[in-house]
Structure formats: structure tokens, C-alpha cells
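Respectively, the protein sequence lines represent chains A and B. The numbering used here applies: residue 1 is where the first sequence begins, and numbers increase by one. The numbering used here applies: residue 1001 is where the second sequence begins, and numbers increase by one. The beta-carbon is built from N, C-alpha and C at its ideal position, and this holds for glycine as well. Please read all numbers here as calculations on a predicted model, not as lab measurements. See below for the structure under consideration.
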Amino acid sequence: MIRYLILPALLLIAGPVHAGEDHGHAHDSGGDTHLATLGDIRLVHAWTRATDRDAALIFMEIEHMGAEAATLTGGATDIADGVTLVAFQSRDGAAGYVALPDLTIAPGTEMVLRPEGVALLLTGLDAPLVEDKSFGMEVEFARGHAEVIVQIEAANATRHSHAGHAH
Amino acid sequence: MDEIYHALPNWGQDVLVTLGLLTPLLVVGLIVLRGFHVGPLLLGLLRRQVWISAVFTALIAVSVALGTGLIAQERGLRQGTARAADKFDLVIAAPGSEITAMLAAVYLQPSDLPLLDGATYAEIAAHPRVSLVAPLGFGDSWRDAPVVGTTAGFVNHLSEGLAAGRPFTAEDEAIAGARVALEIGDSFAPAHGVGDAAEHGAHGDFAYRVVGKMPMTGSPWDRALMVPIESVWSVHGLANGHGPDWDGDIGPPFSPAHFPGTPAALVRAESLGATYSLQAEFSTAQTMAFFPGSVLARLHALMGDIRQVMSVLAVITQVLVTAGVLAGLMMLTRLLARRLALLRALGAPRRFVFALTWSYAATLILTGAAIGLLLGIAASLAIAAAITARTDIVVAATLGWPEIHLVAGFVSLTGLLALLPAYLTMTRPVITDLRG
């Protein structure tokens, strides 16, 4: 539990994590906990659902304003054993998430990670995810990674509680 | 404990849940029947009250059958609608309602959709990660069969090979769905529109000839007629999608300048990841890209709440019916009071009368639940056949673990309720009952 609180607090206090590194890491998001950037890539409104199981899906909006395609590959976080990029698929009447090796995001597009779509799957969670808390995680791209704060929403949430707000 | 449970295969988890739900009944049964051999008297009681027992059992069976049948039906419908959308990886349409576009493209429900223009269609078709793109043009019909303009590539994708005949190669050729009452060689004239308002003869003397027949897909496309998209445009007085230098071969590539528009385009990509990338790329101010499977899943998630309500209502209904049966049982035991009092006078302990009455009620409940499960299967099959006939979506509703869990919970709960009439019987005054 403490770990959930410490990481976001450190991130808030520290401001831009890894600021000053030229390439491959998140850049300053101006203290906005709903926004992280990696070059021309903006990651907005990362969220998940409260759960007491050992797995959870992470959703967010990824806006790619650059000129060359970006490749999302996965992520990492201290609170889970593994992070896998997954995509929803329905086949023969059965629906579920299957692992993706990577995901190409074309220049000028917005990739929305959402329920029944693409998501990052946390497995081996250390502790239950509690509503209204948050935690930090790295979102990895082929070109580097960005640190995002993941907001824990209600167990039946379908969107980030600030979805639709501009950042 | 939680880790052990999640490490089990699905069937193992289901068996465990079933046993867990039945545990209260088993524990109560062991405690109540401990030290007694009620079998012969129980059989005698059932034989003597055979008609009343049969009526009580039938009431429980019917309530269980209705509950399980309805819930199995909901699951079957959910799986059937999802299966029908399997072939529609990604649909791109003009911006609007995803649900309306899905109902039109996947389930062939008549809808007014804005059109994708030629430039947009060409952009989709030229995308390096697109392996198949096909226009879907609706609006005409033959009897109750929608006539859909598309390409031979789409027909091949949907059917995975025709059941008979060959793909269409000319504007006046058609492929018939498996449930369309047309065979290879038959001709039909398309009507403009669908249903009662369809205008017959609106397209003059133009007629299609069926050259191929689709296999069953378990979707509304089984009742559709697929024709070249060029013919749909032509019979409506539009350009046929090809420029002046067209070589006469129907199908792609289409000329953007001569492309009249399409309400929807089916898109397949080289991989699942590429499909999601395409969805992001074509979710713009000019285009709406969506996964029918995802839209359905969101709808089904809403239905999931309804399913929970249905399950609770089913259990409540079953418990109410059983409560009525148990009330009847209490009246029956009053009629049997003299015989039970005689048992007591002959030296049977109170607890034996308690055990006999409870085992009688438990026998009715268990027998009724078992017959109800069988009736539930029959009810599911009958309702599924009716839904399939009305919607053309193959609904394969069979009882599964959720229904077994429901019945196990019901049996345990009502088994506990049956302790009440047994207790009341046990506490009846023996002398008064003997006097009759």
C-alpha cells in the first residue's frame, strides 16, 4: 500500500523524472499528473480499475504528434511482476485479450488504450489496487520510455474520471 | 487458497464452486440423517403420496427449467451475435453511430448511413498494412433477402470458399446466402429498398443470375444476396466505380473519381496489432473505424448486469415456488400427523420424524431440480431455434456451469428452508394427533 503512495508522491515532488536526459526518457509534463510526454508523444489519463485480483489492465490515450511512426512495446512497474501489451479479440463467440508483440502508432494519430481494445496488462500484482489511489509505471516505446501516473478508478469504471479534459 | 483456486483449470474451478454451493445441503443432510435409516419409510411415503409428490416435483422442475433456460438463452444469444461478427475485423464508415453502422454492416439491418467517398476509400485500399478492403452497399432487396453490393474478395472472406458454384465475374451475377430460396442458375430482379416499402421494378428489367451459393455462416448473411458493387451503383444511375480506361473486370481497383461512395467498408489487416493501428489511423473527422467485436463486447458488458439481475430473479422465483411447495408439504404433514404420531408412539424418536419429513422434502427438491435441468435443456433448444429462425443468427444455447451453479445454490437454499416444516412436524403434540 505504502508503495502506491510513495511513487506518485516522489514523482510529484521530483517533477520531471529523468529530466535533462536527451533521448529515451520522459520529458517534463509541467507537473500535470495526467500527462506524460516522450518527445512528440503525449500520454494522457492513464487509469485502471480497482481490483483485489493479481492482474489489471491499464488504459490511456497516446497522442503521437511526430513525423515518424512510434512503436509501443510494453511497460514496467514496481507493483507488478510483469507488464504485457494486449489486445481484445473476439473469436468463435469467445472474447478475451491476446498478447501483442508491439503496436505501431502512425504519426498524427491518437491511439486510445481502452476496455475492449488495446491495453497494458499488469500481472502478479503485489497488493490490491484501491480506488482513488494511484501508482507510477513506465510505458515503453521502441525509442524510449515515459513515466505515467496511473489513476485507480472504480472497479466498474469505463473511463478515466477526467476523460475529456484537455491537458 | 486463492492461488490454488486460480491455478485450477476452468472446469476444476466450476466443479469446486458447485461442490461449495452444495456443501450446506450435504452438511445438513449428514447431520439430520445421522444414525437413521429412513429409506424404507421414505419410499412408502412417496408411494402413498405419489400424485401429490409428482405435482410438487413438477412445480419445482418447471420453475428450475424456466430459470436455467432463460439464462442459458442469454448466453447463447451473446455468443451467437459475437460469432456472427467474427469475420468483421474492422469496419470503417463515415462518422456517426458505431452501433448503427455495426447493425447495418454485420447484421444487415436497414439504416441510413452517410457515405465514404472515393478518395477516402482509395486511401484505405492503398494502406500498406491492409490485406483486404471491400465496400458494402445496401439498399436493395429480393423478397426478404437484402441485396448487398460488394466484391468477390469479401464473399470469399466471409464464406471461406463457396459451397457451390463460382464467384461473380460480371455485373449481373450474384452469390446467394445458404438460406436464400434461390439456387445456381435462378434469376431475380432486385427491388429498390427493403421490406414492405420496397419498390419492385424500380430498376427496370435488370436481373441477376445466381452463379454461386454460400455455405452456412450462422449470421444474417445466410439470408443475403451478394452482388458486384458496380451493379448496385449502375442500377441506381451512378458511375460504376471505374474510369474510362476500365478493362471490364469487376472488383478493385476502383477509380476515386468514379467511386459513388459506400456506407461501410470491411477492412482486414495483416495482423491484430495492425488492425488496431488502422483503427487509430482512420478514427478521424472524416472516418469512423471500429471493431464490431469490441462494440458488441461493450453492449454485452451492459447485458452482464442484466444477466445478474436475471439470475437473482430466477433464484427468487424458484425459491418462491419451493416455498409454496414447502407450505403445501406442511399441510400434507398435518394430514399425515396421525401416522407420524403413531410412529412416535411406537418408540421412534422425535428426530427420526424430523429426518423423515426433511428427507421427503429434500427428495422432492432434488428430483424436481434434476428434472428441471433436463427440461431447461429442452426449453433452451426450443427458444434458440425460434430466435435463430427470426434473426438468422445461429444461437446454440446449451446449459453450462452457470446454470449448474444456479441450480446447486437453489437446491442448497431450499434444502435449508425444508428444515422448517420438518421442525414443525417434530414438535406436534403426539397425544392430540393420535386422537385424530
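With 16 other Cβ atoms within 10 Å as the buried cut-off, status of residue i
{"i": "A/I149", "result": "buried"}
{"i": "B/H1200", "result": "exposed"}
{"i": "B/W1011", "result": "exposed"}
{"i": "B/E967", "result": "Given a span of 1001 to 1436 for chain B in the structure shown, any question on residue 967 of chain B remains unanswerable."}
{"i": "B/G1069", "result": "buried"}
{"i": "A/A26", "result": "Low confidence applies to A/A26: its pLDDT is 47, below 50, so where it sits in the model is not reliable, and the reading given next is rough at best. Its Cβ being crowded by 16 or more others within 10 Å, A/A26 is buried."}
{"i": "A/G136", "result": "buried"}
{"i": "B/S1053", "result": "buried"}
{"i": "A/N156", "result": "exposed"}
{"i": "B/I1431", "result": "exposed"}
{"i": "B/T1427", "result": "exposed"}
{"i": "B/A1274", "result": "buried"}
{"i": "A/R42", "result": "buried"}
{"i": "A/L120", "result": "buried"}
{"i": "A/E21", "result": "Unreliable positioning characterises A/E21 in this predicted model, as indicated by a pLDDT of 32, which lies under 50. The coordinate reading is nonetheless provided below. Per the 10 Å Cβ criterion, exposed."}
{"i": "B/M1216", "result": "exposed"}
{"i": "B/L1116", "result": "buried"}
{"i": "B/D1305", "result": "exposed"}
{"i": "B/P1421", "result": "buried"}
{"i": "A/E131", "result": "exposed"}
{"i": "B/S1141", "result": "buried"}
{"i": "B/V1321", "result": "buried"}
{"i": "A/R114", "result": "buried"}
{"i": "A/H145", "result": "buried"}
{"i": "A/H23", "result": "Caution is warranted here: a pLDDT of 37 is assigned to A/H23, below 50, making its placement in the model unreliable, and no coordinate value can be reported."}
{"i": "B/D1433", "result": "buried"}
{"i": "B/D1222", "result": "buried"}
{"i": "B/P1429", "result": "exposed"}
{"i": "B/P1349", "result": "exposed"}
{"i": "A/T37", "result": "buried"}
N-terminal and C-terminal residue of the alpha helix (DSSP H) that residue i is part of
{"i": "B/V1430", "result": "1430 to 1435"}
{"i": "B/R1034", "result": "Segment: none, B/R1034 is in no alpha helix (DSSP H) and carries neither H nor E."}
{"i": "B/Y1360", "result": "1350 to 1391"}
{"i": "B/P1402", "result": "1401 to 1417"}
{"i": "B/V1394", "result": "From DSSP, B/V1394 is part of no alpha helix (DSSP H); its letter is neither H nor E."}
{"i": "B/L1342", "result": "1337 to 1345"}
Residue range of the beta strand (DSSP E) that includes residue i
{"i": "B/P1228", "result": "1225 to 1228"}
{"i": "A/F88", "result": "82 to 91"}
{"i": "A/W47", "result": "41 to 49"}
{"i": "B/F1282", "result": "Unbroken run through B/F1282: none, as it is neither H nor E."}
{"i": "A/L113", "result": "110 to 113"}
{"i": "B/R1268", "result": "1264 to 1269"}
{"i": "A/A95", "result": "94 to 99"}
{"i": "B/F1290", "result": "1288 to 1290"}
{"i": "A/M60", "result": "55 to 64"}
{"i": "A/A36", "result": "35 to 38"}
{"i": "B/I1250", "result": "From DSSP, B/I1250 is part of no beta strand (DSSP E); its letter is neither H nor E."}
{"i": "B/G1237", "result": "Unbroken run through B/G1237: none, as it is neither H nor E."}
{"i": "A/T104", "result": "103 to 105"}
{"i": "B/P1146", "result": "1145 to 1150"}
{"i": "A/A76", "result": "70 to 76"}
(message) I want to know whether the segment 100 to 110 of chain A touches the segment 53 to 66 of chain A - three or more CB-CB distances under 8 Å.
(response) yes
(request) Spell out a yes or no on whether the segment 1261 to 1274 of chain B and the segment 1037 to 1054 of chain B are touching, meaning 3 or more CB-CB pairs, one atom from each, closer than 8 Å. (result) no
(message) As an exercise, report each continuous beta strand (DSSP E) stretch of at least 3 residues that is fully enclosed by the segment 1160 to 1231 of chain B, in chain order.
(response) 1173 to 1176, 1208 to 1213, 1225 to 1228
(request) Give, in chain order, every unbroken run of the beta strand (DSSP E) that is at least 3 residues long and sits entirely within the segment 118 to 163 of chain A. (result) 118 to 123, 134 to 141, 144 to 153
(request) Return the residues of the segment 72 to 92 of chain A that lie within a Cβ-Cβ distance of less than 7 Å from chain B, sorted by chain order. (result) A87, F88, Q89, S90, R91, D92
(request) Residues of the segment 114 to 147 of chain A with a CB closer than 7 Å to any CB of chain B: list them in chain order, please. (result) E116, G117, V118
(request) Could you tell me which uninterrupted alpha helix (DSSP H) segments, each at least 4 residues in length, are contained entirely in the segment 1094 to 1136 of chain B, listed from first to last along the chain? (result) 1098 to 1105, 1118 to 1126
(request) Return the residues of the segment 1297 to 1310 of chain B that lie within a Cβ-Cβ distance of less than 7 Å from chain A, sorted by chain order. (result) A1297, R1298
(message) Can you pull out the residues from the segment 31 to 51 of chain A whose beta carbon lies closer than 9 Å to at least one beta carbon of chain B?
(response) none
(request) Specify whether the segment 1354 to 1361 of chain B and the segment 1067 to 1087 of chain B touch according to this definition: at least 3 beta carbon pairs, one from each stretch, less than 8 Å apart. (result) no
(request) May I ask you to list, following chain order, the residues of the segment 1084 to 1108 of chain B that have a beta carbon less than 8 Å from some beta carbon of chain A? (result) A1085, D1086
(request) Could you name the residues of the segment 93 to 112 of chain A whose beta carbon sits closer than 8 Å to any beta carbon of chain B, in the order they occur along the chain? (result) G93, A94, A95, V98, L100, P101, D102, L103, T104, I105, A106, T109, E110, M111, V112
(request) Scan the segment 1004 to 1083 of chain B and note each continuous alpha helix (DSSP H) run of 4 residues or more that stays entirely inside, going in chain order. (result) 1010 to 1033, 1039 to 1048
(request) Decide if the segment 1282 to 1296 of chain B is in contact with the segment 1093 to 1103 of chain B; the criterion is three or more beta carbon pairs, one per stretch, under 8 Å apart. (result) yes
(request) Anything in the segment 1153 to 1172 of chain B with a Cβ closer than 9 Å to a Cβ of chain A? List those residues in chain order, please. (result) none
(request) Evaluate the contact criterion for the segment 1166 to 1179 of chain B versus the segment 1122 to 1131 of chain B: three or more CB pairs, one atom per stretch, below 8 Å. (result) no
(request) Decide yes or no for the touch test of the segment 1296 to 1314 of chain B against the segment 1377 to 1394 of chain B: beta carbon pairs closer than 8 Å, at least 3 of them. (result) no
(request) Evaluate contact between the segment 1147 to 1157 of chain B and the segment 1225 to 1233 of chain B, counting only Cβ atoms and requiring at least three cross-stretch pairs below 8 Å. (result) yes
(request) Give, in chain order, every residue of the segment 1186 to 1198 of chain B whose Cβ lies closer than 9 Å to some Cβ of chain A. (result) none
(request) Give, in chain order, every residue of the segment 1259 to 1276 of chain B whose Cβ lies closer than 9 Å to some Cβ of chain A. (result) S1271, L1272, G1273, A1274, T1275, Y1276
(message) With a threshold of 8 Å, are at least 3 pairs of Cβ atoms found where one atom belongs to the segment 1106 to 1114 of chain B and the other to the segment 1230 to 1244 of chain B?
(response) no
(request) Would you check if there are 3 or more beta carbon pairs closer than 8 Å linking the segment 1061 to 1068 of chain B to the segment 1397 to 1411 of chain B? (result) yes
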